[in-house]
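A.B. asks: I'd like to ask you about the structure that follows.
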Amino acid sequence: MLSGRRAQAIPPHPDEAALGRLAEDGGEDAAVQAHVADCPRCTARVAELRRIRTLVREAALREEMPERDLAGGALARLWARRRIGTPLNEALEGFSAFLRNLATLFSHPDAHRDAPGGVHPPANPVEEERHE
Amino acid sequence: MPRGSMEDDTLVRRALDGDLDAAGELLERHQRLAYTAALRLLGEPAEAEDIAQDALIRAFTHLSELREGDTFAPWLRRIAVNLSLNALRRRGRLRFEPLGGVDRGGEEGSADRDFVDEHTLKPEEEVLRDDMLAEVGSLLSRLPEEQRVSLLLRDAYEYDIAEVAALQGCGVSAAKMRISRGRKMLRQLLVEAGRTSVSA
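First to last, the sequence lines map onto chains A and B.
Position 102 (the first sequence) corresponds to 102 in my numbering; numbering is contiguous.
Position 43 (the second sequence) corresponds to 1043 in my numbering; numbering is contiguous.
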């Protein structure tokens, strides 16, 4: 009789997902909260889930040491990219300037004398690399 | 002031001003963080190193996008997490898990056992804690991929549920299920590893 009354008073245990949400942020389901407040088993389960969360976080954030020097490798790749990229960009810019000046020259034959910088040859990637 | 003792914010400002040594110090200081995030998600050291290095390069080349008030380390971690998820996606390894999928947690009898509570550890037991965390890290790698990724995103990196779902290309309900199952399975693995004490 008593167990029958208790069964009516305390609803069934919430599922794991509901207890998990309660463990995360207190949950929003008032029925779940009420159940857990009256149920030692679910209270213990929520506490356990909170400990699992803590363990996951601490274990995941516990830093591991890579075998390679990743920062050094990243900088080397960035440096290599710059060495390849810069002469190419300069060459493209030079060629673009050459075309602009050429167009100007055809429209105004004497204009190149006043053009700032004039027409520059494209940068020499080999020279550039040698200087670096 | 030597660069090694500078705050991250200072190094970021200097790097943005073109100080390559400051940028190098920043990357070196946080390479383990990027590698660890990638390793936890991918589970493979060599692949994690590649992804972490990509994350460092991405951070370097996008440093100007770091907003005022944001700190470098969590920002770098998010880059590493996103690149790791992309890598998983490219390999077709991140996918919907059927709701009836792997679930070893919740066996009868195990619910009455409790883990060693870190709050009850005696000082001399603290030295064992690092071993325990290493073991938990190892056990995490044994979870099915979808569960591991969901659990890490939610519990370790504190993404909200909607983000966990979006990053994995699944629904919110599926993300919640993966997290719940991941916790249950991890608990079961901990029990099997003897990381328990009998509770009252």
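Cβ coordinates follow ideal geometry from the N, Cα and C atoms, glycine included.
Rounded to the nearest angstrom, what separates residue 1151/B and residue 1183/B at their Cα positions?
C.D. replies: Cα to Cα, residue 1151/B sits roughly 7 Å from residue 1183/B.
A.B. asks: Identify the continuous alpha helix (DSSP H) that holds residue 1011/B and give its terminal residues.
C.D. replies: Segment 1008–1016, the alpha helix (DSSP H) holding residue 1011/B.
A.B. asks: Distance cutoff 9 Å, beta carbons only. Does residue 1137/B sit that close to anything in chain A?
C.D. replies: Taking Cβ atoms only, chain A reaches closer than 9 Å to residue 1137/B, which makes this a yes.
A.B. asks: Is the shortest distance between the beta-carbon of residue 1045/B and the beta-carbons of chain A less than 9 Å?
C.D. replies: It does; some Cβ of chain A falls within 9 Å.
A.B. asks: Go ahead and pull the three-state DSSP assignment for residue 1099/B.
C.D. replies: Because the pLDDT of residue 1099/B is 33, which lies under 50, any placement of that residue in the model is unreliable, and the question is left without a value.
A.B. asks: Under 9 Å, Cβ to Cβ, is there at least one residue of chain B near residue 30/A?
C.D. replies: For residue 30/A, the answer is no, since every Cβ of chain B falls outside 9 Å of its Cβ.
A.B. asks: Is it true that the stretch 1079–1093 of chain B meets the stretch 1053–1070 of chain B, where meeting means three or more beta-carbon pairs spaced less than 8 Å apart?
C.D. replies: As far as the Cβ criterion goes, the stretch 1079–1093 of chain B touches the stretch 1053–1070 of chain B, which means the pair count is three or higher.
A.B. asks: Taking 7 Å as the limit between beta carbons, can you name the residues of its chain near residue 29/A, skipping five residues before and five after?
C.D. replies: Cβ neighbours of residue 29/A beyond the five flanking positions: 18.
A.B. asks: Tell me whether residue 1182/B sits in a helix, a strand or coil according to DSSP, three-state version.
C.D. replies: In this structure, residue 1182/B counts as helix in the three-state DSSP scheme.
A.B. asks: When you compare only the Cα positions, how much space is there between residue 1037/B and residue 1131/B?
C.D. replies: One C-alpha to the other measures close to 19 Å.
A.B. asks: Between residue 179/A and residue 1157/B, is the Cβ-Cβ spacing less than 9 Å?
C.D. replies: Given that chain A is displayed from residue 1 to residue 132, the structure contains no residue 179/A and the question cannot be resolved.
A.B. asks: When you compare the CB of residue 66/A with every CB in chain B, is at least one pair closer than 9 Å?
C.D. replies: For residue 66/A, the answer is yes, since a Cβ of chain B falls inside 9 Å of its Cβ.
A.B. asks: Using a Cβ-Cβ distance cut-off of 9 Å, determine whether residue 26/A contacts chain B.
C.D. replies: No, because no Cβ of chain B sits closer than 9 Å to the Cβ of residue 26/A.
A.B. asks: For a contact defined as C-beta to C-beta under 7 Å, what are the partners of residue 49/A on chain B?
C.D. replies: 1183, listed in chain order.
A.B. asks: Indicate whether residue 51/A and residue 1155/B have their beta-carbon atoms separated by less than 9 Å.
C.D. replies: Not a contact, by the Cβ cut-off of 9 Å.
A.B. asks: Exposed or buried, residue 1054/B, counting other C-beta atoms within 10 Å across all chains shown (16 or more means buried)?
C.D. replies: The residue in question, residue 1054/B, is buried, as its Cβ has 16 or more Cβ neighbours within 10 Å.
A.B. asks: With distances taken between CB atoms, is the gap from residue 1134/B to residue 1063/B smaller than 9 Å?
C.D. replies: No, these two residues do not count as a Cβ contact at 9 Å.
A.B. asks: Report, in whole angstroms, the separation of the C-beta atoms of residue 1148/B and residue 1140/B, which I expect to be a contact under 8 Å.
C.D. replies: So it is a contact: roughly 6 Å between Cβ atoms.
A.B. asks: Could you check whether the Cβ of residue 1168/B sits closer than 9 Å to any Cβ belonging to chain A?
C.D. replies: Closer than 9 Å: no.
A.B. asks: Starting from residue 1180/B, find everything on chain A with Cβ-Cβ shorter than 7 Å and list it in chain order.
C.D. replies: 16, 17, 20, listed in chain order.
A.B. asks: Taking C-alpha atoms, which residue in 26/A, 35/A, 57/A lies nearest to residue 1159/B?
C.D. replies: Selected option, being the one with the closest Cα: 57/A.
A.B. asks: Can you grab the Cα-Cα spacing for the pair residue 1012/B / residue 1025/B, in whole Å?
C.D. replies: Spanning the two alpha carbons is a distance of roughly 10 Å.
A.B. asks: Since residue 1049/B and residue 70/A are thought to touch, with beta carbons under 8 Å apart, how far apart are those beta carbons, to the nearest angstrom?
C.D. replies: Sure, about 6 Å apart at Cβ, within 8 Å.
A.B. asks: Identify which residue in 26/A, 33/A, 35/A, 66/A has its Cα closest to the Cα of residue 1040/B.
C.D. replies: Cα-wise, what sits closest to residue 1040/B is 66/A.
A.B. asks: When you compare only the Cα positions, how much space is there between residue 25/A and residue 76/A?
C.D. replies: Taking the straight line joining both Cα atoms gives about 44 Å.
A.B. asks: Tell me, to the nearest whole angstrom, how far the beta carbon of residue 1175/B is from that of residue 1161/B; I am working on the premise that it is less than 8 Å.
C.D. replies: Contact holds; Cβ gap of about 6 Å.
A.B. asks: In angstroms with no decimal places, state the Cα-to-Cα distance between residue 1178/B and residue 1169/B.
C.D. replies: Taking the straight line joining both Cα atoms gives about 13 Å.
A.B. asks: In angstroms, rounded to a whole number, what distance separates the CA positions of residue 16/A and residue 1086/B?
C.D. replies: Distance between the alpha carbons of residue 16/A and residue 1086/B is about 30 Å.
A.B. asks: In the structure shown, what three-state DSSP assignment does residue 26/A receive?
C.D. replies: Here residue 26/A sits in coil by DSSP.
A.B. asks: Could you check how far apart the C-beta atoms of residue 49/A and residue 20/A are, in whole angstroms? I think they sit under 8 Å.
C.D. replies: Confirmed, Cβ separation roughly 6 Å.
A.B. asks: For residue 1071/B, decide whether its Cβ has a neighbour in chain A, counting only Cβ atoms nearer than 9 Å.
C.D. replies: With 9 Å as the cut-off, residue 1071/B does not count as an interface residue toward chain A.
A.B. asks: Here's a check: name, in chain order, each residue in its chain whose Cβ is nearer than 7 Å to the Cβ of residue 1022/B, leaving out the five neighbours to either side.
C.D. replies: These residues qualify, in order along the chain: 1003, 1011, 1014, 1015.
A.B. asks: Using 9 Å as the limit for Cβ to Cβ distance, is residue 1079/B near chain A?
C.D. replies: Cβ-Cβ to chain A under 9 Å: no for residue 1079/B.
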